[in-house]
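Working notes, structure below.
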Ligand SMILES: Nc1ncnc2c1ncn2[C@@H]1O[C@H](COP(=O)(O)OP(=O)(O)OP(=O)(O)O)[C@@H](O)[C@H]1O
Ligand SMILES: [Mg+2]
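Right, here's the structure in full:
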């Protein structure tokens, strides 16, 4: 049995706006094992980004517990949270992913620099990873000189390069064409599986679910459905095609 | 240490990849530097023009008439004061100084000069750098400031004519130039020196003064045997010599009419220019940081610490400011080469150094708000802004 990289227990996040309270995440519990790739789906506003922010220690939950590699986020101070984000988590954001004044290669290498792990070997790994994501010709491009999809792929490389326990990707395929999106998510899935990371990908495009091991479906902050059977997942992903 | 390396890396990459934008800011800082350095040089130049003679006196103490408030022009001492002072033990030598001003008219354009009477070989008479000293007595000889020679083309051996108002009539006197002294500007004017008796004859004076032929010195410059005993000697002189007050060179300079006010004005100009610099830099970096919120959010979300991000902002501001001050210093130097010598600019003063130090600090001071802002940006901004 592979170990549990991420565990969420009774997680709640509510926002108060003009007197009204929004339950952005409403009593959510689940686990993700190392080497497992999970899709988080649901309509806009269902709380996917909010959930991911809490998992990445960017946002404190109203109540509930998050454990990453067995460590309770609530018991950490800010300094330890920064360290956790740097070492244990890889993140791609919905937009504005990259540091605009660093090239594709430098963006990925920055993650290694942060962890004091930039050396000859890791440099080569970084270039290889970028090449696998179809960016071998784009190493020296600045973000402004790349398409949205290329930028997302650089962000994926950055989220993986430092061997984090958990990789969180918020809609990495939003700006990709279908063909590219399939390719990217497949490569993403392979990298997660090969390297034994726990991966969560948020997507609107249900077809992407064919590459994952489990689907978590959210609505109004609640986890309304979990699909684990491979055939069921393929059916869920296929159903979207029609 | 790792933080510092990483912060420097980020700061430099950003500046290099946005060189156009940062160069423009550096240029603005360069222009402010140019302005501040010129104001500082002007201040130094004006100060020199005003105080040079007094500052270069070969003396530690200056004796004034009692209750003259250390103002040279309001002080008129007894003729024999210098002699009494010389007899006090601890005094190496003392020389009477007589001040007035006049105009050299034997030139295509009349030149206003300070007319100083001083005793050859005594404090108050600066060393001659070319030619010889004038003879004492009533010799119609003069030693002139190199500035005068330089501006008018007068040479040693020439005879100059000065105009001086005696009572209600203009009178003209001829003086033979026998030597040159250097750096002896007084009261914004270059100086010409004459013996005391000659000074009494040729200085502009009112009807009532015309009757007397005894020259009254304004001040007596006192050189001490032991300069470190200045404080004690001030008291001793006042005790031994009647009707005088004594002070040091610095106080004498500060009491030259208009000196302090003028320096205050120049310093205020410099201060406001620096203030404008701080506001401009502050504005630029503040706007820039507002644009960079998502980017800083990402940096923090992927695990960069607040301290490192703040440090990077500081380093960046220092790089840009230093670049600007460097360019500005270079420009100032180039411009100064082409400036006419009549404009009183002096660059090698401590003022220029202070100005450079202040200029280097305007970046970090101006950018302070933006640095604090950068440190406070929440990493969540990486997700919620886009
Ligand atoms: N800071 C906040 N203050 C108040 N309400 C918020 C805040 N952040 C999110 N919300 C609300 O929480 C709910 C969930 O938002 P979230 O961004 O997590 O949805 P999402 O599933 O990621 O949507 P999308 O697919 O459009 O990205 C929304 O109703 C949103 O308005
Ligand atoms: Mg979202």
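Protein chains in written order, with the numbering used here: chain A, 642 to 883; chain B, 228 to 613.
All C-beta atoms in this analysis are idealised placements derived from N, C-alpha and C, irrespective of residue type, glycine included.
Not one heavy atom of ligand 1 lies closer than 8 Å to the C-beta of residue 736 of chain A. Annotation: residue 779 of chain A is outside any alpha helix (DSSP H) and is labelled neither H nor E by DSSP.
A direct Cα-to-Cα measurement between residue 651 of chain A and residue 693 of chain A gives close to 15 Å. For residue 530 of chain B, the closest Cβ of chain A is nearer than 9 Å. Here the distance from the Cβ of residue 689 of chain A to the nearest heavy atom of ligand 1 is below 8 Å. Cβ proximity to chain A below 9 Å picks out 236, 237, 240, 241, 242, 243, 244 and 245 from the region 235 to 249 of chain B. Taking the Cα positions, residue 775 of chain A is about 26 Å away from residue 879 of chain A. Residue 701 of chain A and residue 689 of chain A have their C-alpha atoms roughly 15 Å apart. If only uninterrupted beta strand (DSSP E) runs of at least 3 residues are considered, none is enclosed by the region 476 to 564 of chain B.
Exclusion of the five residues before and after residue 544 of chain B leaves 512, 590, 591 and 594 as the residues of its chain whose Cβ lies within less than 7 Å of its Cβ. Between residue 347 of chain B and residue 285 of chain B, the C-beta gap is not smaller than 9 Å, which leaves the two residues out of contact.
Between residue 798 of chain A and residue 674 of chain A a beta carbon distance of about 23 Å is seen, past the 8 Å cut, so the two are scored as non-contacting.
The C-beta of residue 697 of chain A comes closer than 9 Å to at least one C-beta of chain B.
The beta carbon of residue 690 of chain A falls within 9 Å of a beta carbon belonging to chain B, placing the residue at that interface. Under the three-state reduction of DSSP, residue 740 of chain A is assigned to coil, being neither helix nor strand. Counting only residues of its own chain and dropping the five nearest sequence neighbours on each side, residue 325 of chain B has a CB closer than 7 Å to the CB of 343, 344, 423, 426, 442, 444 and 445. Contact check for residue 281 of chain B against residue 449 of chain B fails: the beta carbons are separated by 9 Å or more. Annotation: residue 717 of chain A to residue 602 of chain B spans about 20 Å, alpha carbon to alpha carbon. Taking residue 237 of chain B as reference, the option from A:822, A:851, A:832 and A:755 with the minimal CA-CA separation is A:755.
Around the beta carbon of residue 819 of chain A, a 10 Å sphere encloses fewer than 16 other beta carbons of the protein chains shown; the residue is thus reported as exposed. DSSP places residue 392 of chain B within a strand segment (E or B) once states are collapsed to three. B:251 is the residue among B:251, B:229, B:267 and B:232 whose C-alpha sits nearest the C-alpha of residue 548 of chain B.
In this structure, the alpha-carbon of residue 460 of chain B lies about 9 Å from that of residue 315 of chain B. Contact note: residue 522 of chain B reaches chain A through 737, 740 and 741, using a C-beta cutoff of 8 Å and chain order. Pairing residue 772 of chain A with residue 509 of chain B, the inter-Cα distance amounts to about 42 Å. Within the region 650 to 709 of chain A, the beta strand (DSSP E) runs of at least 3 residues that lie entirely inside it are, in chain order, 661 to 674, 678 to 682 and 704 to 709. Cβ-Cβ separation between residue 800 of chain A and residue 732 of chain A: approximately 6 Å, consistent with a contact (criterion under 8 Å). Runs of the alpha helix (DSSP H) lying entirely within the region 228 to 259 of chain B, each at least 4 residues long, are 229 to 244 in chain order. For residue 283 of chain B, the CB contacts under 7 Å within the same chain, skipping 5 residues up- and downstream, are 353, 410 and 411 in chain order. Taking non-hydrogen atoms of ligand 1 into account, the C-beta of residue 670 of chain A is found less than 8 Å away from none of them. C-alpha of residue 585 of chain B to C-alpha of residue 302 of chain B: approximately 39 Å in a straight line. When the beta-carbon positions are compared, residue 370 of chain B and residue 408 of chain B come within less than 9 Å of each other.
If you draw a straight line from the Cα of residue 709 of chain A to the Cα of residue 647 of chain A, it is about 5 Å long. Residue pairing of residue 369 of chain B in beta bridges, as defined by DSSP: B:404. The beta carbon of residue 660 of chain A sits no closer than 8 Å to any heavy atom of ligand 1.
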